[in-house]
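Protein chains: 4
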Amino acid sequence: MTDTATHDHSHGDADSPHGYITDKDKYLNRMKRIEGQARGIHKMVEDEKYCIDILTQISALTSALEAVAVGLLDDHLRHCVVDAARLGGAEAEAKITEATQAIARLVR
Amino acid sequence: MTDTATHDHSHGDADSPHGYITDKDKYLNRMKRIEGQARGIHKMVEDEKYCIDILTQISALTSALEAVAVGLLDDHLRHCVVDAARLGGAEAEAKITEATQAIARLVR
Amino acid sequence: MTDTATHDHSHGDADSPHGYITDKDKYLNRMKRIEGQARGIHKMVEDEKYCIDILTQISALTSALEAVAVGLLDDHLRHCVVDAARLGGAEAEAKITEATQAIARLVR
Amino acid sequence: MTDTATHDHSHGDADSPHGYITDKDKYLNRMKRIEGQARGIHKMVEDEKYCIDILTQISALTSALEAVAVGLLDDHLRHCVVDAARLGGAEAEAKITEATQAIARLVR
Numbered sequence: 345m346t347d348t349a350t351h352d353h354s355h356g357d358a359d360s361p362h363g364y365i366t367d368k369d370k371y372l373n374r375m376k377r378i379e380g381q382a383r384g385i386h387k388m389v390e391d392e393k394y395c396i397d398i399l400t401q402i403s404a405l406t407s408a409l410e411a412v413a414v415g416l417l418d419d420h421l422r423h424c425v426v427d428a429a430r431l432g433g434a435e436a437e438a439k440i441t442e443a444t445q446a447i448a449r450l451v452r
Numbered sequence: 345m346t347d348t349a350t351h352d353h354s355h356g357d358a359d360s361p362h363g364y365i366t367d368k369d370k371y372l373n374r375m376k377r378i379e380g381q382a383r384g385i386h387k388m389v390e391d392e393k394y395c396i397d398i399l400t401q402i403s404a405l406t407s408a409l410e411a412v413a414v415g416l417l418d419d420h421l422r423h424c425v426v427d428a429a430r431l432g433g434a435e436a437e438a439k440i441t442e443a444t445q446a447i448a449r450l451v452r
Numbered sequence: 345m346t347d348t349a350t351h352d353h354s355h356g357d358a359d360s361p362h363g364y365i366t367d368k369d370k371y372l373n374r375m376k377r378i379e380g381q382a383r384g385i386h387k388m389v390e391d392e393k394y395c396i397d398i399l400t401q402i403s404a405l406t407s408a409l410e411a412v413a414v415g416l417l418d419d420h421l422r423h424c425v426v427d428a429a430r431l432g433g434a435e436a437e438a439k440i441t442e443a444t445q446a447i448a449r450l451v452r
Numbered sequence: 345m346t347d348t349a350t351h352d353h354s355h356g357d358a359d360s361p362h363g364y365i366t367d368k369d370k371y372l373n374r375m376k377r378i379e380g381q382a383r384g385i386h387k388m389v390e391d392e393k394y395c396i397d398i399l400t401q402i403s404a405l406t407s408a409l410e411a412v413a414v415g416l417l418d419d420h421l422r423h424c425v426v427d428a429a430r431l432g433g434a435e436a437e438a439k440i441t442e443a444t445q446a447i448a449r450l451v452r
């Protein structure tokens with residue numbers, strides 16, 4: 345009788361503040377793998393592996409992080425920025441400025 | 345005799361297809377400076393200047409280019425993407441995808 | 345009963361193949377912090393924190409990784425490459441080529 | 345009788361202070377091309393080409409500059425740093441520090 349269906353979502357419900365939920369599992373998996381890569385590099389230093397091999401793993405980890413960042417930025421543009429654009433005005437301007445600053449930090 | 349005033353705009357008229365005209369002179373000046381930096385580096389190689397000093401100039405030039413790229417991207421988001429967002433649909437989606445791909449190339 | 349003390353060195357003994365031991369603890373601490381940052385970003389995605397804030401943390405993590413990479417490269421040049429340079433010949437050439445390739449991957 | 349031949353070299357002679365002469369023409373050609381790319385981007389802004397197309401050209405120019413930088417760094421390691429390493433002492437240390445700082449600026 346009691347319908348609990350509307351509460352039967354482990355995450356990504358209507359309360360979700362930033363709604364990039366469609367890809368959430370993808371990002372969680374990627375971050376899980378990135379954590380593993382960071383632990384692997386720690387272990388390589390611990391075991392005093394060859395420096396160049398550690399650098400190769402750091403490059404791989406950096407690339408993985410950049411891919412996450414670009415993906416999040418895409419989602420952000422697609423949702424937050426597009427929503428703000430439809431409303432227009434100062435809010436839209438502020439969202440774009442914020443996105444550009446994030447891009448500038450990534451590009452450096 | 346004939347009034348040529350309506351043709352007397354060197355740039356940035358209503359026919360301008362991509363309308364980032366407000367900042368056009370800023371970008372032209374920056375690109376002018378960047379061309380000068382590139383010529384300067386060529387000259388440094390020609391004169392066999394100290395390698396590390398050439399690398400410093402290359403880093404400066406790369407930073408200047410990144411600043412132009414981030415500025416253009418900001419303008420692009422502010423105009424093309426926002427306009428597309430207001431129209432919505434496939435056009436908006438395509439514009440965001442295109443912008444993200446440009447960001448990915450800059451971030452690498 | 346038997347004294348195993350000579351094997352009771354957790355790291356950095358004379359058998360250490362790549363001898364960047366002076367800074368080993370510094371690198372281990374940095375990598376520990378980087379692992380923490382990666383876990384923090386995972387948690388931010390889990391909690392659906394604001395996208396731009398996640399991007400800020402990704403930029404910080406990338407910078408921390410780059411600092412580790414540049415530090416390792418410095419150590420590598422200072423030890424492996426300098427040693428090879430003293431021996432000279434094909435070995436020195438190969439070490440430089442290897443170092444340059446690692447730098448190219450970092451610079452991209 | 346008078347032999348001026350030994351002075352008749354426009355560049356790359358024994359007086360050359362930084363002796364990366366074997367590849368000098370390669371670098372001059374690359375920098376020439378880079379100057380052309382910079383002029384092309386200036387022209388694209390002048391003509392108000394599509395923003396994303398300009399960004400693509402900026403990415404290409406940045407990659408070309410990075411390739412020059414990595415090449416110069418390789419030459420620098422192969423000559424200046426190796427020479428300093430053979431002499432050893434404070435000079436060698438200083439050369440490595442200088443090279444690492446240049447790498448850090450490129451990696452950022």
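Chains as they are written, first to last, in our numbering: chain X, 345 to 452; chain W, 345 to 452; chain V, 345 to 452; chain R, 345 to 452.
Glycine included, C-beta positions come from ideal geometry on N, C-alpha and C.
The beta carbons of L450(R) and H386(W) sit no closer together than 8 Å.
When the beta-carbon positions are compared, I378(R) and A408(R) come within less than 8 Å of each other. Taking the Cβ atoms as the reference, L399(V) lies roughly 6 Å from L416(X), within the contact range of under 8 Å. For T444(V), no chain X residue has a C-beta closer than 8 Å to its own C-beta; the minimum C-beta separation is roughly 11 Å. The beta carbon of Q381(R) lies closer than 8 Å to those of Q401, A404, L405 and A408 in the same chain, with the five residues before and after it left out. CA-to-CA, the gap between G384(W) and A428(V) works out to about 35 Å.
Here K368(X) is near V389(V), since their CB atoms are less than 8 Å apart. A direct Cα-to-Cα measurement between A438(X) and H423(W) gives close to 14 Å. Using a 10 angstroms sphere on the CB of E435(X), the tally of other CB atoms stays under 16, which defines it as exposed. For C395(R), the uninterrupted alpha helix (DSSP H) segment begins and ends at C395 to H420.
For G432(R), no alpha helix (DSSP H) run applies, since DSSP gives it neither H nor E.
Not a single CB atom of chain X sits nearer than 8 Å to the CB of D418(V). Within the segment 398-415 of chain V, I398, L399, T400, I402, S403, L405, T406, L409, E410, V412 and A413 place their CB atoms closer than 8 Å to a CB of chain X, listed in sequence order.
In the structure shown, D391(V) falls within a coil segment according to DSSP collapsed to helix, strand and coil. Taking a C-beta distance under 8 Å as the contact criterion, D418(V) and I396(R) do not qualify as a contact pair.
Relative to E442(V), the option among Y394(X), K370(X), Q445(X) and R452(X) whose CA is nearest is Y394(X). Contact annotation: R430(X) and E410(W) have beta-carbon atoms that are not nearer than 8 Å. Rounded to the nearest whole angstrom, the C-alpha separation of R374(X) and M375(R) is 39 Å.
In the displayed model, R452(R) falls within coil according to three-state DSSP, outside both helix and strand. Within chain X, E379 have C-beta atoms less than 8 Å from the C-beta of R383(V), given in sequence order.
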